[in-house]
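Here the protein sequences come in this chain order: A and B.
Letter by letter, the first sequence follows residues 352 to 495 in the working numbering.
Letter by letter, the second sequence follows residues -16 to 443 in the working numbering.
For each residue, glycine too, the CB sits at the ideal point set by N, CA and C.
Everything below concerns the one structure shown next.
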Amino acid sequence: MLSRLSRLGLALPRSVSVLSTRFVSQSKADSAISSTAVTELYEPVNQSGHGEVSPFAKNPDFHGFSTDPEEDVRNMKMGFFLGISVALVIGGTFIHYLPDHGMRKWARREAERLILLREKEGLPLIEENYYDVSKIILPSSNED
Amino acid sequence: MLKILIPSILLLPSTWLTPQKYLWTTTLSYSLLIASASLMWLATPSETGWSFLSCLMASDPISTPLLVLTCWLLPLMVLASQNHLMLEPINRQRTFISLLISLQIFLILAFSATELIMFYIMFEATLIPTLIIITRWGNQMERLNAGTYFLFYTLAGSLPLLIALLLLQNSTGTLSFFTIPYLPSTCSTPWAHKMWWTACLLAFLIKMPLYGAHLWLPKAHVEAPIAGSMILAAVLLKLGGYGMMRILIILDPLTKELSYPFIILALWGVIMTGSICLRQTDLKALIAYSSVSHMGLVAAGILIQTPWAFTGALILMIAHGLTSSALFCLANTNYERTHSRTMILARGLQTLLPLTAVWWFIATLANLALPPLPNLMGELMIITSLFNWSMWTLILTGLGTLITAGYSLYMFLMTQHGQLPHHLISLNPPHSREHLLLTLHLLPLLLLILKPELIWGWSA
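Printed below as a string of C-alpha cells:
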C-alpha cells in the first residue's frame, strides 16, 4: 500500500499507519492539492493486554488448538487423522463388514429352509402352540 | 470389556504425566484410539443374550450402542473444551480432563454392569465429576444453584432406589441381571409393592427427565461448560433411560396400571417443554428444553414396554445424544465469540460464518427429526407403538412433533437468517477444531442411516 501511495507522489512519514489512511480531500476546491491522506475517523483503541486479541492476529493459520503454531498443526493433523481416517473410515469399514449382525440373514435363510421342508412334508407351516402341550405339567387345582 | 476400560483408566496418569505442550494432543489422540477400539463391542455374534461376558461386566444389544456413544464422546469433549481452557493454569486443565476421563470410566462401568448395585453405584458416581465440572468451570453465578438442583434432584430419586434395591437383595440374595428376570415377585402387601415400584423407577424418571421433575436440567445444561453440557445431554440422560429399561423387567405386573400417570406426564411434557422452547431467548436453554422434550418421548416409549417402543427409545437415545451434543457445541461456538447466550445478539450468522451455518442446518434438521435420519426412525417407532397402545396419544405426539419442528426452525432462523446486527463487527472465523468437532458429531449420525440395526436393540 505504501507503494500505491508513493505513486501519487506522496512520501508518507512512517508514523502514519498505512492501514488507517483514507483519501479525503480536506482542501478547498481551488486548492492545488489534489488529495490528502488522513488518518481514519475512529482512533484505534489501544487495547494492548486489555482487550481480546484474536488469535488469528498472531498466527493467521490458527487451527483452534494451540497458540504454539507447531503444536497447533500437529494437534490438527492428529485429530483429523485419528478422528476421521481411523475412527470413522476404518471403524466404519469394520462395522460394514461385520458378519451377519444380529443373525438376521441367518434367520431369513432358516425360515425359508423350514418353510420348504414343511411344505414338502405337508405339515402346517407353524403350530398354534409354541410349546408341546403334552409336556406342560400344570399344578393341580386344589385350594392352597 | 477390559480392553477399553483399562486404557480409559490409564488415560488418567497419562493426563498428569504428559508435558504441557502435548497435553491436548495426546489426550485427544488416545481417547480417539479408545473410541475406535470401542467399536469392537458392535461385533456381537447374535442379538440375543449377553456378549463380552465376565463376572461383573457384560454388554448386550441395549447397552452396546450406549457404551460406544460414551467412548465416542470423550474425544469430542476434549476437542470442545480445548479453547476455553487454554488460558487456565496447566494443573487446572489436567484436573478438568481427569474429571472427563473419570466420567467416562464410571459410565463404561455403569452401562456394562451386570449387577444392579454396581449400576447404582456407578449411576451415583457420575454425579460427582459432573457436579464439579458444573460448579467449578461454569461461567455464570447461577452455576452454584444449578449444581445444587442437579445434585439434590437426582439424589432425592436415587435414595429410594437404594432402599428398593437393598430390599430386593435381601429377599432374593442376588441382583444380577442374569437372574432377576426369573425371580418371583417380592413384596406381599399391595401398598408396599406400589411404593417399591415407585422407588425403583423414580430415580430414572428424574434423570431422564420426566416433565414434572425436569427443573434441574435447564439449569445444569445452561450453566455447565461445553463439555459438561455435552456429557449431560448425550449420555447422562440416557443413564436414566437405560436404567428404566433394565429395571422394568422386575417390575411386572404392576407396571400395567401404575405407569399410566408417568406416560401421560411424559407426553404432556413433550408438548409443554416444546412450547417453552418457542418462547426462549437463551440459546442453551432452548437446546436444554428440547432435550427434555425428546426424552419425554423416550420415557413414554420405555414405559409401554413393547418391542418397537424399546427399539424406538434406544434409537432416539443414540440419535438425540449426537444431535443434542452437536447443538450445544454450535451454541458454544456462538458463546465463545459473543460471550452471550442470548439468541438475538448473534443473528444472521449465515452471512458471516457460512460453513458453520451448514452444521447448524444439519443439526437443526436432525433435531426436528428429518427422514431418513435415525432421529425420525426412533420417534416414528415410539409414536406408532404409542398409537397401538392407545389411540389418543396420537394427538399428544403429533402436536409434539409439530412443535418440535417449530422450535427447531425458530432456533435456526434466529441464529442464521435475518440481518446481521450492527454490533457484530469482528467475529473470528470458525476454527478447524470446531469443524472437526461437528464433523465427528454429525457424520456418525449420517452413517447410522446406513446401518440402523446397530442401535436397534433386540427387536428385528
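The segment 135 to 206 of chain B is shown to contain no whole beta strand (DSSP E) run of 3 or more residues. Taken through DSSP and simplified to helix, strand or coil, Thr325/B comes out as strand. Counting only the Cα atoms, Leu429/B lies some 13 Å from Asn350/B. When secondary structure is reduced to three states using DSSP, Ala129/B falls in the helix class. Non-local beta-carbon contacts of Ile84/B in its own chain, meaning distances under 6 Å to residues more than five positions away in sequence, involve Leu(-6) and Leu(-5) in chain order.
The residues Leu200, Pro201, His204 and Val205, in chain order, have a CB closer than 7 Å to that of Ala271/B in the same chain once the five nearest residues on each side in sequence are set aside.
Residue pairing from DSSP places Ala96/B in a beta bridge opposite Met40/B. Asp419/A carries a coil assignment under DSSP once its states are collapsed to helix, strand and coil. Inclusion of Thr316/B and Thr339/B in the CB contact set at 9 Å is warranted, their separation being smaller than that value. Taking a C-beta distance under 9 Å as the contact criterion, Met228/B and Leu145/B do not qualify as a contact pair. In terms of beta-carbon proximity, Asp419/A lines the interface with chain B, with at least one pair separated by less than 9 Å. For Ser34/B, the three-state secondary structure derived from DSSP is strand.
Every unbroken stretch of the alpha helix (DSSP H) spanning 4 or more residues and falling wholly within the segment 41 to 93 of chain B is given here in chain order: 46 to 64. Unbroken alpha helix (DSSP H) stretches of 4 residues or longer found wholly inside the segment 303 to 374 of chain B: 332 to 335, 337 to 350 and 357 to 372, given in chain order. Just so you know, the alpha carbons of Leu36/B and Ser42/B end up roughly 7 Å apart.
Taking the Cβ atoms as the reference, Pro2/B lies roughly 39 Å from Ile438/B, outside the contact range of under 8 Å.
The beta carbon of Pro58/B is closer than 7 Å to those of Leu11, Ser14, Leu15 and Ala18 in its chain, skipping five residues each way along the sequence. Counting along the chain, Ala282/B sits inside the alpha helix (DSSP H) bounded by residues Leu266 to Ile287. Straight across, the Cα-Cα distance linking Val61/B with Tyr165/B is about 43 Å.
Chain-order list of chain A residues neighbouring Pro58/B: Gly430, Leu433, Gly434 and Ala438, by C-beta distance under 9 Å. Under the Cβ distance rule, Asn74/B does not count among the residues neighbouring chain A, no pair being separated by less than 9 Å. Taking 9 Å as the threshold, the shortest C-beta distance from Ile446/A to chain B falls below it.
Selection His176/B, Pro412/B, Lys190/B and Gln123/B evaluated against Arg324/B yields Gln123/B as nearest (Cα-Cα).
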